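Trainee: This is the structure I want to talk about, given as structure tokens.
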Ligand SMILES: Nc1nc2c(c(=O)[nH]1)N[C@H]1C(S)=C(S)[C@@H](COP(=O)(O)O)O[C@H]1N2
Ligand SMILES: [Mo]
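Numbering (UniProt numbering), first residue to last: 1 to 384.
So this is what it looks like as structure tokens:
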């Protein structure tokens, strides 16, 4: 007969380190990370939703760089904390079930387990899918943005219920002092060491990834997906090759078309160069969490819109030469389209824009997700 692995009982777990005093403290840090991650995530989603007609602000220039950097880094910080937290409570899975005749206790216990199952599933889903996205790895077929957004509400809702239900336990956990030394007669680390190790693991995970957005940390960030470097000092997300524009972007007959109520104007790259050039420092801040500051030179988008009598309150769309895949076009609300720093850039750090950064010209606007900074622009049109 095959030997059966016995299902453990709560008493089978004897570690004195799994204690409410540890769970409460690690849980609070985890809750803080989830809170910041949730709010910065909502902020990012707002750019896509245009929620209630409310337009995100055009400043500060580095705003999205900070909020999206925080979003990805608090998500990364949460991973070790979640693992330690789950480790500290998982024997509770094996708590003896209440006797079946006590219906009220059975229902309460079932509800508690269900709510925790939802919380754990949503948290793991969010962290796994978010991490995969920040590494540009999409081994699934569902929409990342829609599912990550829905998952966020499930996770945060389940978290609020969990905190409310566990408030007495959290209080109790904080009331119990973390012992700094293992109790006499025992060996191994103290509970304080466990909490410190969890925080340290979290800090190391952040440092190992933050270099993609904090230039000072580039050298220590061994795990960062983007080093913060690339051609012309800026990483490349999608290359010209990947976008299928290597021929069209260099073609002799390339024209930028500007379309508005006053008709259509076609401009060669030389004609764009002959217009008044402006230079501004604006970062590229990718939703994946990396970012880089850069100096761009080119034509103010507003100057191009004036050529076709676009009204000041016009919504504007820019279209790329890219014919397949996503991100081939983006829309600018009037505040972005007419912002004096919004450019169709021709140069990066004083050099001609490289093909991978969007030659012949690319959009760059302040405080806007990188995915909306369309490269290889061939058409600017007034939408409404
Ligand atoms: N046409 C087009 N523009 C694009 C993209 C794209 O895939 N196609 N990727 C965007 C994304 S996700 C980012 S983060 C920025 C990155 O710009 P860079 O490659 O010049 O750093 O370009 C944006 N512009
Ligand atoms: Mo991006």
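We put the CB at the ideal spot given by N, CA and C, even for glycine. For clarity, every value in this text was computed on a predicted model and none was experimentally measured.
Quick check on DSSP: helix, strand or coil for residue 179?
Mentor: coil
Trainee: Counting C-beta neighbours from all protein chains within 10 Å, is the total for residue 311 16 or more, i.e. buried, or is it exposed?
Mentor: exposed
Trainee: Under 6 Å from any heavy atom of ligand 2, does the C-beta of residue 69 make it?
Mentor: Checking the Cβ of residue 69 against ligand 2 gives no.
Trainee: Kindly provide the ranges of any beta strand (DSSP E) runs that are 3 or more residues long and lie completely inside the region 263 to 300, ordered along the chain.
Mentor: 263 to 267, 278 to 281, 295 to 300
Trainee: Would you say residue 316 and residue 294 are within 7 Å of each other, going by their C-beta atoms?
Mentor: no
Trainee: I need the straight-line Cα distance from residue 47 to residue 146, nearest angstrom please.
Mentor: Between the C-alpha atoms of residue 47 and residue 146 there is a straight-line separation of about 14 Å.
Trainee: Taking contact to mean at least 3 C-beta pairs separated by less than 8 Å, is the region 317 to 324 in contact with the region 82 to 96?
Mentor: Judged by Cβ distances under 8 Å, the region 317 to 324 makes no contact with the region 82 to 96, as fewer than three pairs qualify.
Trainee: Restricting to runs no shorter than 4 residues, where is the alpha helix (DSSP H) found entirely within the region 34 to 120?
Mentor: 63 to 89
Trainee: When DSSP labels each residue in this structure, what does residue 389 get in the three-state scheme?
Mentor: Not covered by the structure: residue 389. The range shown for the chain is 1 to 384.
Trainee: Contact between the region 182 to 191 and the region 57 to 68: three or more CB pairs below 8 Å?
Mentor: no
Trainee: Could you please give the first and the last residue of the uninterrupted alpha helix (DSSP H) stretch that includes residue 335?
Mentor: From DSSP, the alpha helix (DSSP H) with residue 335 extends over 334 to 337.
Trainee: Helix, strand or coil for residue 184? Go by DSSP, reduced to three states.
Mentor: coil
Trainee: Using the Cβ count rule (16 or more neighbours within 10 Å means buried), how would you classify residue 384?
Mentor: exposed
Trainee: Is residue 392 near ligand 1, in the sense that its beta carbon is under 6 Å from a heavy atom of that ligand?
Mentor: The requested residue 392 is not part of the displayed model; the chain covers only 1 to 384.
Trainee: Nearest-angstrom Cα distance between residue 349 and residue 278?
Mentor: Computed Cα separation, rounded: 12 Å.
Trainee: Label residue 163 either buried or exposed according to how many other C-beta atoms from any shown protein chain fall within 10 Å of its C-beta, with 16 as the threshold for buried.
Mentor: exposed
Trainee: With distance defined between alpha-carbon atoms, name the residue in 334, 156, 168, 14 nearest to residue 87.
Mentor: 14
Trainee: Do residue 289 and residue 346 count as a contact pair if the criterion is CB distance below 7 Å?
Mentor: no
Trainee: My understanding is that residue 44 touches residue 71, with C-beta atoms under 8 Å, so please give their C-beta distance in whole angstroms.
Mentor: Between residue 71 and residue 44 the Cβ distance is about 6 Å, and since that is below 8 Å, they are a contact.
Trainee: With contact counted as at least three CB pairs below 8 Å, one residue from each stretch, are the region 326 to 336 and the region 250 to 267 in contact?
Mentor: no
Trainee: Out of 205, 203, 179, 202, state which residue places its alpha-carbon closest to the alpha-carbon of residue 193.
Mentor: Of 205, 203, 179, 202, the residue nearest in Cα terms is 179.
Trainee: Going straight from the alpha carbon of residue 261 to that of residue 300, what length do you get?
Mentor: 19 Å
Trainee: Check the C-beta distance from residue 127 over to residue 78 and give it rounded, since I have them as a contact under 8 Å.
Mentor: 6 Å
Trainee: CA-CA distance, residue 106 and residue 11?
Mentor: In this structure, the CA atom of residue 106 is about 20 Å from the CA atom of residue 11.
Trainee: In whole angstroms, what is the alpha-carbon distance linking residue 195 and residue 25?
Mentor: Straight-line measurement puts the Cα of residue 25 at about 7 Å from the Cα of residue 195.
Trainee: Between residue 370 and ligand 2, is there a pair consisting of the residue's CB and a ligand heavy atom that are separated by less than 6 Å?
Mentor: Yes, the Cβ of residue 370 comes within 6 Å of a heavy atom of ligand 2.
Trainee: Which residue's Cα is closest to the Cα of residue 35: 104, 153, 80, 134?
Mentor: 153
Trainee: Would you kindly work out how many angstroms separate the C-alpha atoms of residue 165 and residue 141, rounded to a whole number?
Mentor: Rounded to whole angstroms, residue 165 and residue 141 show a C-alpha spacing of 36 Å.
Trainee: Where do the ends of the beta strand (DSSP E) carrying residue 345 lie?
Mentor: 343 to 348
Trainee: To the nearest angstrom, report how far apart residue 373 and residue 135 are at their CA atoms.
Mentor: 20 Å
Trainee: If you draw a straight line from the alpha carbon of residue 368 to that of residue 81, how long is it in whole angstroms?
Mentor: 31 Å
Trainee: What residues match up with residue 259 in a beta bridge as DSSP calls it?
Mentor: 264, 381
Trainee: Compute the beta-carbon to beta-carbon distance between residue 258 and residue 76, rounded to the nearest angstrom, for a pair I have assumed lies under 8 Å.
Mentor: Rounded, the Cβ-Cβ distance is 42 Å, inconsistent with contact.
Trainee: Is any heavy atom in ligand 1 found nearer than 6 Å to the beta carbon of residue 320?
Mentor: yes
Trainee: For residue 191 versus residue 353, is the C-beta spacing smaller than 7 Å?
Mentor: no
Trainee: What's the C-alpha gap between residue 8 and residue 221?
Mentor: Taken atom to atom, the span from the alpha-carbon of residue 8 to that of residue 221 is near 41 Å.
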